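J.: Sharing a structure with you now.
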Amino acid sequence: MIFRLTLILCFLIPLSTRASTEQDWQIATGILQQIRLPDIPDKQFVVEDSPSIRKAARQTIQQTIDKAAAAGGGIVHIPEGIWHVDGPLHLKSKINLHLGKNATLLFSATPSDFLPVVTTRWEGTEVFTYSPMIYAANVEDVAITGEGTIDGNANSAFINWYEKQNTDMHALRRMGFDSVPVQQRQFGEGHFLRPPLIQFFHAERVLLEDYTAKNSPFWVNHLVYTSHATVRRVKVDSHLYNNDGLDIESSQFVLAENNHFRTGDDGIVIKSGRDADGRNIGIPSTDIVVRNNDLGGEDGIGLGSEMSGGIKRVFFENNTLHEGDSAYRFKAT
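Each residue of the sequence shown is one higher than the one before, counting from 117 in my numbering.
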């Protein structure tokens, strides 16, 4: 069954001060007018290509990213073919990681390749744990574009960690609830928290466009503390545990449009942190427009369950849900 989804969410605004429906949609128009795209130099840096490099491509790709960043930024082009990436790629400011048509980044199936730990947010609680496959922290003007594929690897050992994560999950949630300092929340070797495929952590002006993502160990596209982000024409075909297509967490001025998500969990989810950790950080998700997306998964649109920082001024229009339990699900702990 197909549902046409149109909903306006204005949380935390008293009823007496709410605008009319027409005025609400004027707010949405204003949000779209304010969202800024990244400013990245139009300078090409093509990743060196050879059979030996493709078998262990992380170092060469990362060196190209670093070289482009040192030169003031530009487009790091991945030529067509399968690139075996034996560890995470860490993006930097002023970089557009561009996947050529028929190019595939196939990430390692070995969890230890994604150490040392990095600062991240795992189900709404800050932690030091395994790096996402593609990770961008404290960056400005960053993009992932092109018609290629980002593949988390169907044989990844991370996938089986779903059965092993409960002890670590509850320990981390207790640390967040008790406001244990983040530096003490170390969940590296010997722990079992799966990383997302792609995560932006403290980022400004981000563009995600045209690529295909599949076989994510956890959430697929994850925006954390990100402002001015555009996610458009991204295809997700990922059906593993907790495979949300797009998680927008404690982020502002975000547009998600014309995406095609087939997921093992929710299509698009709005979040803002869990329990005391989310309340103490206190960064809400605000000023978000989600429109013209083609969805299929457990739920179409989710809000929560990690939303202790608040959610407001979120607009959904003309989204299509082809299959799933709920068009919209409001979730709390």
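By construction, the Cβ of each residue, glycine as well, lies at the ideal position given by its N, Cα and C atoms. As the structure is a prediction and not an experimental result, all values here were calculated from the model.
1) How should VAL162 be labelled, buried or exposed, when 16 other C-beta atoms within 10 angstroms of its C-beta is the threshold for buried?
2) Does the stretch 175-185 come close enough to the stretch 145-152 to have 3 or more Cβ pairs within less than 8 Å?
3) Among all the DSSP beta bridges, which residues are the ones paired with ASN359?
4) Where do the N-terminal and C-terminal ends of the alpha helix (DSSP H) with TRP141 fall, by residue?
5) Sorted by chain position, which residues of the same chain lie with C-beta nearer than 8 Å to ASN396's C-beta, five sequence neighbours on each side aside?
6) Counting only the same chain and skipping the five closest in sequence on each side, list residues whose C-beta sits under 6 Å from that of LEU437.
7) Please report the distance separating the alpha-carbon of PHE431 from that of PRO167.
8) Tell whether a beta-carbon distance below 8 Å holds between GLY189 and ILE169.
9) Could you check the C-alpha separation between PHE308 and THR137 for me, to the nearest Å?
10) Can ILE260 and ILE250 be called in contact, C-beta distance under 8 Å?
11) Expressed to the nearest angstrom, what Euclidean distance is found between the alpha-carbon atoms of THR133 and ARG429?
12) Are PHE230 and PRO157 close, meaning C-beta to C-beta below 8 Å?
13) In whole angstroms, what separates the C-alpha of GLU239 from that of GLN139?
14) CA-CA distance, VAL299 and PRO400?
15) In this structure, does DSSP put THR346 in helix, strand or coil?
16) In terms of residue numbering, what span does the alpha helix (DSSP H) encompassing PHE293 cover?
17) List the whole-angstrom C-beta distance separating LEU215 from ASP267, where the pair is believed to meet the contact cut-off of C-beta under 8 Å.
18) Note down, in chain order, each residue of its chain lying with its Cβ closer than 6 Å to the Cβ of ARG237, except the 5 sequence neighbours on either side.
19) Kindly indicate the opening and closing residues of the beta strand (DSSP E) around ILE194.
20) Assuming SER421 and ALA448 form a contact by the criterion Cβ under 8 Å, report the distance between their Cβ atoms to the nearest whole angstrom.
21) Identify the continuous alpha helix (DSSP H) that holds ILE399 and give its terminal residues.
22) Which word fits ARG290, buried or exposed, when buried means at least 16 other C-beta atoms lie within 10 angstroms of its C-beta?
23) Taking all protein chains shown into account, do 16 or more other C-beta atoms lie within 10 angstroms of the C-beta of ILE129, making it buried, or fewer, making it exposed?
T.: So, from the data block:
1) In the assembly as shown, VAL162 is an exposed residue. Its beta-carbon has fewer than 16 other beta-carbons within 10 Å.
2) Contact between the stretch 175-185 and the stretch 145-152 is not established, with fewer than three Cβ pairs separated by less than 8 Å.
3) Partner(s): none; ASN359 has no beta bridge.
4) Looking at the DSSP string, the run of the alpha helix (DSSP H) that includes TRP141 is 137-150.
5) Result list for ASN396: SER295, in chain order.
6) Taken in chain order, the residues that qualify are PHE119, LEU411, GLY416, ALA443.
7) The alpha-carbon atoms of PHE431 and PRO167 are separated by roughly 47 Å.
8) At least 8 Å separates the beta-carbon of GLY189 from that of ILE169.
9) If you take the alpha carbons of PHE308 and THR137, they lie about 46 Å apart.
10) Note that the C-beta distance between ILE260 and ILE250 is below 8 Å.
11) At THR133, the pLDDT of 47 sits below 50, so the modelled position is not reliable; the number obtained from the coordinates is stated separately. Going by the C-alpha atoms only, they are around 13 Å apart.
12) Contact flag unset, no.
13) When rounded, the distance between both Cα atoms is 34 Å.
14) A small correction: the amino acid at residue 299 is Gln; Val does not occupy that position in the sequence shown. A direct Cα-Cα distance of roughly 23 Å separates GLN299 from PRO400.
15) THR346 falls in the strand class under three-state DSSP.
16) If you look at PHE293, you'll find it in the alpha helix (DSSP H) that goes 282-293.
17) About 11 Å separates the CB atoms of LEU215 and ASP267; that is not less than 8 Å, and the two are not in contact.
18) Excluding residues within five positions, the ones whose Cβ falls inside 6 Å are VAL340.
19) First-last of the beta strand (DSSP E) with ILE194: 190-194.
20) That belief holds up - the Cβ atoms of SER421 and ALA448 are roughly 6 Å apart, short of 8 Å.
21) For ILE399, there is no enclosing alpha helix (DSSP H), as DSSP gives it neither H nor E.
22) The residue is exposed, with fewer than 16 neighbouring Cβ atoms inside 10 Å.
23) Because ILE129 sits at a pLDDT of 45, beneath the cut-off of 50, its placement in the model cannot be relied upon, and the following sentence gives the value as read from the coordinates. ILE129 is classed as exposed because its beta carbon has fewer than 16 other beta carbons within 10 Å across all chains shown.
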